[in-house]
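Here the structure is laid out as structure tokens; the discussion comes afterwards.
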Amino acid sequence: MVHGEDILEEALAFTTTHLESIANQLSDSQAIQVKHSLRQTLHKNLPRLEARIYISLYEHDPSHDDNLLILAKLDFNMLQSQHQKEFGNLCK
Numbered sequence: 001m002v003h004g005e006d007i008l009e010e011a012l013a014f015t016t017t018h019l020e021s022i023a024n025q026l027s028d029s030q031a032i033q034v035k036h037s038l039r040q041t042l043h044k045n046l047p048r049l050e051a052r053i054y055i056s057l058y059e060h061d062p063s064h065d066d067n068l069l070i071l072a073k074l075d076f077n078m079l080q081s082q083h084q085k086e087f088g089n090l091c092k
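Using the UniProt record's numbering, read the sequence shown as starting at 1 and increasing by one per residue.
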């Protein structure tokens, strides 16, 4: 074990335990975010896929900003379209 890793393991156990215990007391969208974060940690995911998940959650948040949501969806869809075009060119 690398120096300091035991502290990180303790911190992970502590935060996981406490987040799991309060998840049922949160709003639906917050509980979904907490549970998703516990399942799929940030360093193990693909940022663009996480963006899509977050856009869906943000859309249901009553305090969301409509303009920001539209911009996020446009950005995601434009990049996805670009990737599809590039993939199509690679397959030719």
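All C-beta atoms, glycine included, are put in the ideal place defined by N, C-alpha and C. Since we're looking at a predicted model, the values are computed, not measured.
Residue i (DSSP reduced to helix, strand or coil)
| i | result |
| --- | --- |
| H3 | coil |
| S21 | helix |
| K92 | coil |
| L26 | coil |
| P62 | coil |
| T41 | coil |
From the options, residue whose alpha carbon lies closest to that of residue i
| i | options | result |
| --- | --- | --- |
| A51 | K92, Q33, G88, L90 | Q33 |
| E20 | H83, E86, L38, L71 | L38 |
Beta carbon of residue i nearer than 8 Å to that of residue j
| i | j | result |
| --- | --- | --- |
| E59 | L69 | yes |
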